[in-house]
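My numbering applies: residue 238 is where the sequence shown begins, and numbers increase by one.
Glycine is no exception: its CB is placed at the ideal position from the N, C-alpha and C atoms.
Please read the structure below before turning to the comments.
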Amino acid sequence: MHKTALLAALSALLLSQAQAATTVKIATISPLSGAVSNLGVQMKNGTQLAINEMKPEFAKLGMNLSLVAYDDQADPATGTSAARRVVADKTVLGLVGPLTSGVAIPATQVMSTSHLVAVAPVATSEKVTDRGLKNVNRVCARDDAQGSAGGNFVAGTLKAKSVYVLNDKTPYGQGMAAEAEKAMKAKGLRVVQSEGVPAEDRDFTAVITKIQTLKPDAIYFAGLYGQIGPFTQQLRAKGVQTPIVSGDGLDSPDYVKLAGKDVSNVYFTSLAPSLAVVPAAKKVADQYQKTFGAPMQGTAIMAYDSTKVLLTGILNAAKANGNKVPTREQVETAVRGGTFKGLLTGDVKFNANGDRTAAKIYVEALKNGQRSTATTLNVTRK
Numbered sequence: 238m239h240k241t242a243l244l245a246a247l248s249a250l251l252l253s254q255a256q257a258a259t260t261v262k263i264a265t266i267s268p269l270s271g272a273v274s275n276l277g278v279q280m281k282n283g284t285q286l287a288i289n290e291m292k293p294e295f296a297k298l299g300m301n302l303s304l305v306a307y308d309d310q311a312d313p314a315t316g317t318s319a320a321r322r323v324v325a326d327k328t329v330l331g332l333v334g335p336l337t338s339g340v341a342i343p344a345t346q347v348m349s350t351s352h353l354v355a356v357a358p359v360a361t362s363e364k365v366t367d368r369g370l371k372n373v374n375r376v377c378a379r380d381d382a383q384g385s386a387g388g389n390f391v392a393g394t395l396k397a398k399s400v401y402v403l404n405d406k407t408p409y410g411q412g413m414a415a416e417a418e419k420a421m422k423a424k425g426l427r428v429v430q431s432e433g434v435p436a437e438d439r440d441f442t443a444v445i446t447k448i449q450t451l452k453p454d455a456i457y458f459a460g461l462y463g464q465i466g467p468f469t470q471q472l473r474a475k476g477v478q479t480p481i482v483s484g485d486g487l488d489s490p491d492y493v494k495l496a497g498k499d500v501s502n503v504y505f506t507s508l509a510p511s512l513a514v515v516p517a518a519k520k521v522a523d524q525y526q527k528t529f530g531a532p533m534q535g536t537a538i539m540a541y542d543s544t545k546v547l548l549t550g551i552l553n554a555a556k557a558n559g560n561k562v563p564t565r566e567q568v569e570t571a572v573r574g575g576t577f578k579g580l581l582t583g584d585v586k587f588n589a590n591g592d593r594t595a596a597k598i599y600v601e602a603l604k605n606g607q608r609s610t611a612t613t614l615n616v617t618r619k
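If you want it as structure tokens, here you go:
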């Protein structure tokens, strides 16, 4: 090879290696297709928005920041496979997600040995953090807090005396229903029926017949909007106007599309606030609308804050590492031990298990398809 050509090839190779060395990626794992894709897309977009804002800070350190998004279809096996691919990409320094607890539990277990840190926006099962993994953190409250809040709402605000409890047989649904049921029984409510229905079920004829027979004062259904929407539509079509209470799995405009635009007497606890109760989010929400052509919703807000936590942790680890790209283990330590201020949902600090020490739960009401915040509860955890 000619000497000039050889030098050019060598220079190109060195440049390529330098560029590769300064590439920093953030991954997301969420359902981008399927029954709950609305939430998964919100999570991805909220992450992308925060990345767009913080790219200049990384550029100052010679780092090119980008997002790689994986579709888990809300399926644990698919999500775990995606986690293995994320671990294999050495330029990925952290994960926002996974969205659902059913995926988060096995996926973060796969990631733990590589010290790849995850900050989960809305994965609520106690098992996500109770395993004591150093790489797992979340910015939302847990099912034990959310389920209790829902149960106390049924007993206190709705003043129900009897309740029919349903769950979707996932870790999320089972855990939250159990905590809600415990809280309701402690308040003296009579649980007339407690059962699980597979998350893929969409025909509720048998369940509705039992509800019509037992005539509960309220229904508590722990699951996701893709299932509870059809349940609500079928229930209301039978003329049953019994209040329905659920968790943050209903926090999607697609629930109203499935349940019926005039749906009322529905309540849900949410770990993600609406824009109405987060005035600081207005500027961010305007940019979200401009960037993605859709309104910013609660899951996107939580993903935005999760990403800010993760990226700030990476920057702090980089600065402690002489302004060089940090290791995954350094990022893991920086995220768990950091205090993150100026976020839309307030300051974030994690306890020894990766739970947020001060979080909020919002009780939302739907009347004629319109959402309003009924109350806000503070949750602290040592």
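When burial is assigned at 16 or more other CB atoms within 10 Å of the CB, is residue i buried or exposed?
i, result
"Gln383", "buried"
"Gly331", "buried"
"Ala258", "In this predicted model, Ala258 has a pLDDT of only 48, less than 50, meaning its place in the structure is not dependable; the value taken from the coordinates is given anyway. It is exposed - the Cβ of Ala258 has fewer than 16 other Cβ atoms within 10 Å."
"Gln449", "exposed"
"Gln534", "buried"
"Gly476", "exposed"
"Leu252", "Here Leu252 scores only 46 on pLDDT, less than 50, and its place in the model is too uncertain to base an answer on."
"Ser267", "buried"
"Gly412", "buried"
"Thr442", "exposed"
"Asn560", "exposed"
"Arg573", "buried"
"Ala255", "In this predicted model, Ala255 has a pLDDT of only 42, less than 50, meaning its place in the structure is not dependable; the value taken from the coordinates is given anyway. Exposed, because fewer than 16 other Cβ atoms sit within 10 Å of the Cβ of Ala255."
"Pro480", "buried"
"Ser489", "buried"
"Gly410", "buried"
Does DSSP classify residue i as helix, strand or coil?
i, result
"Thr407", "coil"
"Lys281", "helix"
"Thr442", "helix"
"Leu332", "strand"
"Ser431", "strand"
"Leu603", "strand"
"Arg608", "strand"
"Arg368", "coil"
"Arg379", "coil"
"Glu290", "helix"
"Met348", "helix"
"Thr317", "helix"
"Pro343", "helix"
"Leu552", "helix"
"Leu251", "Note that Leu251 scores a pLDDT of 45, beneath 50, so its modelled location is shaky and nothing firm can be said."
Can you name the residues that DSSP bridges to residue i?
i, result
"Ala306", "Thr265"
"Lys586", "Thr576"
"Ile481", "Ile456, Val503"
"Ile598", "Leu614"
"Ser399", "Arg427"
"Val356", "Val333, Asn374"
"Thr260", "Asn301"
"Arg593", "Phe587"
Beta-carbon separation of residue i and residue j under 8 Å?
i, j, result
"Ala360", "Asn404", "no"
"Lys452", "Gly606", "no"
"Val356", "Val323", "no"
"Ala344", "Gly463", "no"
"Thr536", "Pro408", "no"
"Lys398", "Arg379", "no"
"Val521", "Leu581", "yes"
"Ser338", "Ser318", "no"
"Thr265", "Leu304", "yes"
"Thr549", "Phe577", "yes"
"Met300", "Val500", "no"
"Val203", "Glu418", "With the chain running from 238 to 619 in the structure shown, residue 203 is simply not present."
"Gly466", "Ala509", "no"
"Asn217", "Thr366", "As shown, the chain starts at 238 and ends at 619. That puts residue 217 outside it, with no answer to give."
Which residue's Cα is closest to the Cα of residue i: the options?
i, options, result
"Ala414", "Ala423, Leu395, Thr612, Asp381", "Asp381"
"Ile288", "Leu302, Gly277, Leu298, Lys297", "Leu302"
"Ala386", "Ala423, Pro408, Val514", "Ala423"
"Glu283", "Gly591, Lys545, Ser609, Leu552", "What sits at residue 283 in the sequence shown is Gly, not Glu. Among Gly591, Lys545, Ser609, Leu552, the Cα nearest to that of Gly283 is on Lys545."
"Gly484", "Gln478, Tyr492, Val477", "Tyr492"
"Arg608", "Ser338, Thr536, Ser511", "Ser511"
"Ala554", "Ala571, Tyr541, Ala436", "Ala571"
"Ala306", "Lys281, Val329, Asp312", "Lys281"
"Gly583", "Lys619, Thr610, Ile538", "Ile538"
"Phe390", "Gln471, Tyr504, Thr265", "Tyr504"
"Val657", "Asn588, Thr610, Glu601, Leu603", "The structure shown does not extend to residue 657, since the chain spans only 238 to 619, so no value can be given for it."
"Ala611", "Ala325, Val482, Gly425, Ile465", "Val482"
"Glu601", "Ile342, Thr350, Ser507, Ala417", "Ser507"
"Ala531", "Gln279, Asn615, Thr564", "Gln279"
"Ala325", "His352, Asn502, Ile445, Asp309", "His352"
"Gly486", "Leu286, Met291, Ala311", "Ala311"
"Asn502", "Leu472, Val585, Lys619, Gly316", "Leu472"
"Val354", "Pro335, Ile445, Ala517", "Pro335"
Would you say residue i lies against chain D (beta-carbon separation less than 8 Å)?
i, result
"Val340", "This model lacks chain D altogether; it includes just one protein chain."
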